[in-house]
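Same order as they appear, the protein sequences are chains A and B.
Counting from 1, position 36 in the first sequence corresponds to residue 25 in the working numbering; the numbering is continuous, with no gaps.
Counting from 1, position 8 in the second sequence corresponds to residue 788 in the working numbering; the numbering is continuous, with no gaps.
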Amino acid sequence: MHYPESSFEDRMSTVDFRVGERAHIEVDSDICRSCTTKACVTACPANLFVPTGDGGILFNYEQCFECGTCYLLCDKEGAITWTYPDGGDGVAFRKG
Amino acid sequence: MASPMSAPIRVSHGERGAAGFDVVVVGAGPAGSAAALELARAGHHVALIERGAFPGAKNVYGGVVYGRILDELIPEWWEQAPVQRWVTRRQTMMMTPTQSMTVDFRTDAWREPPYNGATAHRAQFDAWLAGKAEEAGAELITSTVVTALRVDERGHTVGVRTDRADGDLDARVVIACDGVNSFLAKQAGLYPEGQLEHTTLGVKETLSLPRETINERFGVRGTDGVDIEMLGCTGAIPGGGFLYTNLDSVSVGVVLDLTALGKAKKRPEEIVADLKRHPSIAPLVRGGELVEYAAHLIPEGGYQTMPKLAGDGILVTGDAAAMCLAAGIWLEGVNFAIGSGMYAGRAAAHALSTNDTSARGLSEYRKLLRNSFVLADHRKLAGAPKLLMSERMQQRYPGMVCDMVENLFQVTNPTPKPGIGRLLRRSAKAHGVRLRELARDAVSGFRSYG
């Protein structure tokens, strides 16, 4: 096991976000409970999907790259409701 | 997945939006700006809609803009484009955790106009190109999400709905330049099933380093730059790596097969961390301070996975049309976006002039693409993405090549040199490669690339 050189929080603090009031992605944790793979947890590059003790998923939309990884990988119908943030909100890459 | 963006809005006859345009271009990335620029110059009333606060805000890439397609749009673009460095040194590296074998090429020819490749920050480059479209008369509308296509009773696209209050827009043609997730191409029914299978996730770190340090480490001067593409650095997940120089930073990252990443118990940033620890990469990135972490999906499937490029009242371009070229020794995308956008603009102008914006009236688009590098390169290299992501190319050949070269340069006195044929057979066997398979891959590779 290698430990990361810096915390994930530090990593995400290098990215600019204009956090909107509307959660542009919603996760239905009840549906996630029946999911055995939970591919979103390791694949999301922003690490936004956190498994909970009861087998569900805790999700926070605020530091989302809007990449689409989660909805493409998710095979549980209705678990992820995915939209873009409202105009001007969300990630704003300075370098890209 | 459920999405409110999944169905087009049905518009009844005579129903008008809040504003009307000849063409609405959705997405102010390189494809959209090229399309809008071409149309505005032809005298058309064009809206260029961008969901980010500025063009480029949502965009990420893996290293090099090949700018020659800009010659047609902006003569001597190199005098004004916001370029970081001009790539004069290009490397392809095959690696295992402890070895690497690099093809390293440099030339003075690429440090002078018209250049070959440039590194750039997309936030700057995309904003610059969108500015060109604006100067030509296109109406750039930022901070606005297109949430749906508007279609008439025949299914012909007649405009878009935006997330602005009273935000329905009419258009005789909509050009979807809305990127890899293209909800518009999907809504229009143009996008094929199976997107997951040919999509990769790119993750990237931009690390600041003093300019002189970069020049010393990479063996370049002035604004000369380096682009390194890597194979064999993503462990069990099919993919590849990249490292390129900006002016005062370097960008390093990996591209990962999405399906395999979903199954792996390893997170993307850990794979970047492994790459940064590789003995051939560590000395190049050491001490670099993270200035931005980024991620984006990449449509890597190429020709065989492209959507239908035209429907009634709609054209699809760039990443939305899966036009990234992921062919190993060639990794390109921005140029394909600019090219397809420019030809889409030209085809839309042609359709407007003949007053036929049906799929048939817009069919000029495909002709223009086929007669240019955009579809010619993709058709020629249609087999390359699959070959590149194959198990042999990913898991066996890098180790086989590295071992063979190691043994080639290993002096084994007093044992005599083994000879190259024997080394090849020995390395192939050690990595479970049958010479027949190797020959077959060589032939199919030559068919694609030759």
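Yeah, the Cβ is synthetic: ideal placement off N, Cα and C, and Gly gets one too.
Go ahead and label Leu1215(B) buried or exposed: buried means 16 or more other beta carbons lie within 10 angstroms of its beta carbon, across all protein chains shown. exposed
Quick one: what does DSSP say Met725(B) is sitting in, helix, strand or coil? Since the first residue shown for chain B is 781 and the last is 1230, residue 725(B) is missing from the structure and cannot be characterised.
Which class does Tyr50(A) belong to by DSSP, given the choice of helix, strand or coil? coil
C-alpha distance - Leu909(B) paired with Tyr1229(B), whole-angstrom precision: 32 Å
Are there 16 or more other CB atoms within 10 angstroms of the CB of Leu47(A), so buried, or fewer, so exposed? exposed
Proximity of Thr872(B) and Glu996(B) at Cβ, strictly below 7 Å: no
Test item: CB-CB of Ile789(B) and Arg930(B) under 7 Å: yes
Taking the alpha carbon of Val953(B) as the point to measure from, which residue in Ala1127(B), Asn1115(B) and Ser1060(B) has its own alpha carbon closest? Ala1127(B)
Could you check which residue in Gly77(A), Ala35(A) and Thr72(A) has the C-alpha nearest to that of Glu830(B)? Gly77(A)
Might you give, ordered along the chain, the residues of its own chain that have their beta carbon closer than 8 Å to the beta carbon of Arg1227(B), omitting 5 neighbours on each side? Gly1163
Let me know if Asn1193(B) comes out buried or exposed under the rule of 16 or more other beta-carbons within 10 Å of its beta-carbon. exposed
Need the endpoints of the alpha helix (DSSP H) that Pro40(A) sits in, please. Segment Phe38 to Pro40 is the beta strand (DSSP E) holding Pro40(A); no alpha helix (DSSP H) there.
Exposed unless 16 or more other CB atoms sit within 10 angstroms - verdict on Thr980(B): buried
Asn961(B) CB to nearest chain A CB: under 7 Å? yes
Residue from Arg796(B), Gly812(B) and Gly842(B) with nearest C-alpha to Thr1032(B): Note on residue identity: the sequence assigns Val, not Thr, to residue 1032(B). Of Arg796(B), Gly812(B) and Gly842(B), the residue nearest in Cα terms is Gly842(B).
Report yes if the C-beta of Ile994(B) is less than 6 Å from at least one heavy atom of the ligand FAD; otherwise report no. Of ligands this structure carries none, so the ligand FAD is not represented either.
Cβ of Cys33(A) within 7 Å of Cβ of Ala68(A)? no
Strictly under 7 Å for the Cβ-Cβ distance: is Thr1025(B) near chain A by that measure? no
Name, going along the chain, the residues of the region 56 to 69 of chain A whose beta-carbon falls closer than 7 Å to a beta-carbon of chain B. Cys56, Gly57, Thr58, Tyr60, Leu61, Leu62, Cys63, Gly67 and Ile69
Tell me which residue opens and which closes the alpha helix (DSSP H) that Ser1031(B) is part of. Where Ser1031(B) is concerned, there is no enclosing alpha helix (DSSP H), although the beta strand (DSSP E) it sits in stretches over Ser1029 to Asp1037.
May I ask you to report which of helix, strand or coil DSSP gives Leu1142(B)? coil
Among residues of its own chain, excluding the 5 on either side of Asn49(A), which ones have a beta-carbon nearer than 7 Å to its beta-carbon? Leu37
Does the region 55 to 69 of chain A come close enough to the region 1068 to 1080 of chain B to have 3 or more Cβ pairs within less than 8 Å? yes
What's the call for Pro784(B), buried or exposed, on a 16-neighbour Cβ count within 10 Å? For Pro784(B), the pLDDT reaches just 48, beneath the cut-off of 50, and the residue's location in the model is therefore unreliable, leaving the point undetermined.
Could you tell me which of Leu1218(B), Asp958(B), Lys1147(B) and Gln967(B) sits nearest to Val804(B), measuring between CA atoms? Asp958(B)
Can you give me the Cβ contacts of Ala808(B) inside the same chain, cut-off strictly under 6 Å, excluding the 5 residues immediately before and after it? Leu828, Glu830, Pro835 and Ala910
Quickly, what does DSSP pair Tyr1229(B) with across the bridge? List them, please. None, per the DSSP bridge assignment.
Residues of chain A with CB closer than 8 Å to the CB of Leu981(B), please, in chain order. Ala32, Pro34, Cys56 and Thr58
With a cut-off of 8 Å on the beta carbons, I'd call Gly1125(B) and Leu819(B) a contact; round off their distance for me. 5 Å
Starting from Lys912(B), follow the alpha helix (DSSP H) in both directions and report where the run begins and ends. Arg902 to Glu915
Got a sec? Which residues, its chain only, sit under 7 Å from Val883(B) by beta carbon, not counting five neighbours each side? Gln871 and Thr872
Cα-Cα, which of Ile1118(B), His1058(B), Val840(B) and Gly1067(B) is closest to Ser1029(B)? Gly1067(B)
Give a yes or no on whether the minimum CB-CB distance between Phe82(A) and chain B is below 7 Å. yes
Hey, how far is the Cα of Lys1209(B) from the Cα of Asn1026(B)? 41 Å
Of the choices Glu1186(B), Val1213(B), Gly1212(B) and Thr937(B), whose alpha-carbon is the least far from that of Asp1092(B)? Thr937(B)
Give me the residue from His1158(B), Trp890(B) and Met881(B) with the minimum Cα distance to Asn1187(B). Met881(B)
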